[in-house]
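J.: Numbers given in this note's numbering equal positions in the sequence shown, counted from 1, plus 257.
From the three backbone atoms N, C-alpha and C, an ideal C-beta is built for every residue, glycine too.
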Amino acid sequence: MEKNNFIQPVARFYSLRDTRPEPTTWQVLFKEITDSTHTAATRHYRTHLATLPAIEATGDAQQLEQWKFTKSNLKNAQPAFIPSVLLEGGRTYAHVKGFTGFIMVDIDGISPERFTTILALVKEDIHSFLVYTTISGCGIRVISHVEGGVAKANYRMVWEWVNDHYARLCGVEIDGQCKNATRMSVLCHDPDALLRPEATPFKVSEMKPREKPKHGSTVTAERAYKVIRTQLDEEGITYTPGSYNDYVSRCFYHMNRYGVPQADTETWALRIFPDYPREQLLPIVKSCYALTTEFNTVPLPRSVPRKEKADDPHHRKATVEEMETFINEYMEIRMNALTHQIETHLIPDAAAGPSTVSAGHWQRLTDHIENSLWCAMQHSGMSVNLNELHTLLGSDFVKEYHPLKNYLDGLPPWDGKTDYISRLAAMVHVKESPRDLSDASVRFADILKRWLVSMIAAALDETVVNQVILTLIGRQGSYKTSFMQHILPPVLSEYYTTKSNSSRMTKDDLFTMTENLVINLEEIDTMPPSELNQLKAMVT
């Protein structure tokens with residue numbers, strides 16, 4: 258492997274939900290995997306997985322849901338990295354600045370008796386650059402390098418070529434979810450992990466696209482299940498409590514007749530029926546395939562009319578992790594801490610899909626956008642419950658964003674000398690008052706400074722209340738409104754609003770006060786005493 262490829266930065270994230278990449282190196286990642294950094298977290302996660310049989314034995318659906326929720330949280334809290342692309346400012350395709358040439362392979366659903374053998378095969382392969390056991394303890398993560406120019410146009414072909422190599426090497430089916438170039442790999446503890454800097458890279462020049470299946474070629478479990486699922490549905494057999502055994506037995510019986518290899522059926526079954534105990538599932542496959550005279554005796558129908566519903570009990574629902582991955586590829590999303598509204602920004606590549614949601618700018622999440630997101634998930638083949646999607650969007654998956662804080666953090670450091678507020682105050686010419694002997698311009702600068710500081714403090718801290726209303730008195734045409742309109746910088750201008758009818762305060766005005774930084778109350782001197790008292794109450 259070329260040295261510059263080995264030392265190029267790798268995007269690391271503090272958790273699966275983090276969206277801000279931090280550059281690191283392969284050596285640092287390898288040290289993090291092999292030292293004690295993630296020992297406790299990995300042990301905790303695997304201990305939790307081991308409790309599943311006991312939870313299932315209780316038959317308590319609520320307890321099982323809590324188990325799944327805890328499992329998801331434990332995994333999401335782990336740091337991760339993205340090996341295949343160079344990222345800047347985020348982790349979606351919109352933030353991709355180039356391809357690294359590194360390809361990820363996820364070998365999962367391995368039977369315990371074959372795990373050690375397959376792990377040894379993978380580590381011995383000359384193309385294996387990084388190999389480690391995944392956080393579940395039941396999977397293998399492999400990173401290999403490809404030379405010759407990997408880009409968006411050929412990434413899919415390159416991924417398929419590398420993954421097909423390991424599928425043939427190990428005799429297993431590879432997880433197709435890693436096909437996404439921005440797919441994250443969870444970091445965990447594996448003291449026996451392998452890092453081989455001198456690994457032999459694959460070459461793009463030696464690759465070619467997968468050949469389309471020819472008539473009479475081996476039937477895959479996925480193709481067969483599309484037909485079998487319809488047949489069982491028509492027979493009234495569903496994957497529900499009381500009929501689990503009957504359902505899986507009929508699946509395997511039909512797959513044997515359609516000519517699906519037994520090893521493929523085993524791998525597929527462990528992935529599709531994760532809630533079915535492995536020690537009970539695999540013997541059923543073996544029993545069905547014992548009917549050797551039945552193997553490959555029935556041709557798989559080319560197509561079967563069927564009505565497929567996204568909420569079929571036997572149709573595998575998308576996991577929380579899969580939903581989060583899809584959303585991160587489809588749109589950027591954030592919770593505006595100032596308006597308390599969720600905002601979205603559709604990624605340009607996603608905008609080319611069936612959705613009519615506008616791309617290119619941030620907008621509030623509406624029912625229309627949420628429904629369009631759900632439709633896009635369904636079009637991609639995911640089975641997603643709309644209520645579960647709504648719950649996810651209302652969780653801490655959506656990171657908080659404060660527009661004012663973001664603006665202030667982006668300003669250059671103060672030089673410690675320049676008084677910008679006094680310079681702003683100098684633009685307002687204040688008349689002398691016979692009742693106030695102090696310098697009028699100095700007094701106005703002090704009032705403006707107190708008001709601005711209070712405004713910022715109230716916007717950033719919910720416990721602070723700005724009880725000051727800055728009132729400018731002067732003749733018409735003296736630019737009072739213009740001055741107020743330009744207090745906020747252009748990037749925050751949307752948080753300025755004008756209330757023209759100051760003679761009446763409504764519920765909408767209450768909401769306006771909570772969603773904006775500056776509210777210009779025009780002609781406040783015409784406000785009736787009752788409305789003025791209400792305004793005072795609202796402010797204090």
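1. Would DSSP call Asp676 helix, strand or coil?
2. From this set, Leu745, Ile364, Tyr546 and Leu331, which residue's C-alpha is nearest His305's C-alpha?
3. Which residue comes first and which comes last in the beta strand (DSSP E) that contains Asp591?
4. Would you kindly report the start and end of the unbroken alpha helix (DSSP H) that includes Lys737?
5. Leaving out five residues before and five after Val685 in sequence, what residues of the same chain have Cβ atoms less than 7 Å from its Cβ?
6. Please list the segments of the alpha helix (DSSP H) lying wholly inside the segment 430-506, counting only runs of 4 or more residues, in order along the chain.
7. Looking at Ser401: is its Cβ nearer than 8 Å to the Cβ of Ile339?
8. Rank Trp525, Val476, Gly493 and Tyr501 by C-alpha distance to the C-alpha of Arg514 and give the top, closest one.
9. Going by other Cβ atoms of all chains shown within 10 Å of its Cβ, with 16 needed for buried, is Ile730 buried or exposed?
10. What are the boundary residues of the beta strand (DSSP E) that includes Thr754?
11. So, are the CB atoms of Pro336 and Leu444 less than 8 Å apart?
12. What does the alpha-carbon distance come out to for the pair Pro570 and Asn502?
13. Pick from Pro498, Thr783, Ile776 and Asp703: whose alpha carbon is nearest that of Val796?
14. Identify whether Asp569 lies in helix, strand or coil by the three-state DSSP scheme.
15. Near Val577, what residues of its chain come up, given a Cβ to Cβ distance below 6 Å and the 5 sequence neighbours on each side ignored?
16. Measure the alpha-carbon distance for Glu600 versus Ala594 and round it to whole angstroms.
17. Using CA coordinates, which residue listed in Gln598, Pro531, Met634 and Gly638 is at the minimum distance from Thr623?
18. Please classify Val699: does DSSP put it in a helix, a strand, or coil?
19. Assign Pro280 to one of three DSSP states: helix, strand, or coil.
20. Per DSSP, what kind of secondary structure is Leu603 in: helix, strand or coil?
21. Take Arg274 as the anchor and find which of Thr391, Glu586, Thr771 and Val403 has the nearest alpha-carbon.
22. With 16 as the cutoff for other CB atoms within 10 Å, does Phe211 come out buried or exposed?
23. Over the uninterrupted alpha helix (DSSP H) stretch that includes Met414, give me the two end residues.
24. Check each candidate in Trp416, Gly667 and Ala298 and name the one with the smallest Cα separation from Pro466.
25. In angstroms with no decimal places, state the Cα-to-Cα distance between Gly346 and Thr281.
26. For Val353 and Val362, which I take to be in contact (beta-carbon distance under 8 Å), what is that distance rounded to the nearest angstrom?
27. Can the beta-carbon of Ile678 be found closer than 8 Å to that of Leu661?
28. For Asp382, which residues does DSSP report across the bridge?
29. Given Tyr271, which residues of its chain have a CB within under 6 Å of its CB, disregarding the five upstream and five downstream residues?
30. In whole angstroms, what is the alpha-carbon distance linking Thr308 and Ala314?
31. State yes or no: is the C-beta of Ile626 within less than 8 Å of the C-beta of Asp447?
32. With distances taken from CA atoms, which of Met580, Glu657 and Gly406 is nearest Gly638?
33. Which word fits Lys566, buried or exposed, when buried means at least 16 other C-beta atoms lie within 10 angstroms of its C-beta?
34. Under the three-state reduction of DSSP, which class applies to Asp666: helix, strand or coil?
35. Using CA atoms only, rank isn't needed, just tell me which of Thr487, Arg398 and Val407 is closest to Glu463.
36. When you compare only the Cα positions, how much space is there between Trp631 and Thr582?
T.: Once the coordinates are examined:
1. In the structure shown, Asp676 sits in coil (DSSP, three-state: anything other than H, G, I, E or B).
2. Leu331
3. Correcting the residue type first, residue 591 is Arg in the shown sequence and not Asp. Residues Met588 to Asn593.
4. Lys737 to Gln742
5. Phe701 and Phe740
6. Counting only unbroken stretches of 4 or more residues, the alpha helix (DSSP H) elements lying wholly within the segment 430-506 are 478-491, in sequence order.
7. Their beta carbons are not under 8 Å apart, which means Ser401 does not touch Ile339 by this criterion.
8. Val476
9. exposed
10. Tyr753 to Lys756
11. yes
12. At Pro570 the pLDDT is 40, less than 50, meaning the model places this residue with poor confidence and gives no usable figure here.
13. When only C-alpha atoms are compared, the closest one is Ile776.
14. Below a pLDDT of 50, predicted positions are generally treated as unreliable, and Asp569, at 45, falls in that range; the measurement from the model is reported next regardless. Looking at Asp569 - three-state DSSP - the assignment turns out to be coil, as it is neither helix nor strand.
15. Only Ser329 meet the Cβ criterion.
16. 10 Å
17. Checking every option, the nearest Cα to that of Thr623 belongs to Gln598.
18. Here Val699 sits in helix by DSSP.
19. strand
20. strand
21. Nearest in C-alpha terms to Arg274, of all of Thr391, Glu586, Thr771 and Val403, is Glu586.
22. Nothing about residue 211 can be reported from this structure: the residues present for the chain run from 258 to 797 only.
23. Tyr412 to Cys427
24. With respect to the C-alpha of Pro466, the residue from Trp416, Gly667 and Ala298 having the closest C-alpha is Trp416.
25. 15 Å
26. No, Val353 and Val362 are not in contact; Cβ-Cβ is about 20 Å, not under 8 Å.
27. no
28. In DSSP, Asp382 forms no bridge with anything.
29. Pro336
30. 10 Å
31. The answer is no: Cβ separation not under 8 Å.
32. Met580
33. Residue confidence is low: Lys566 scores 43 on pLDDT, short of 50, so the model does not pin down where it sits. Its coordinate-derived value is still stated next. Classification for Lys566: exposed.
34. helix
35. Val407
36. 14 Å
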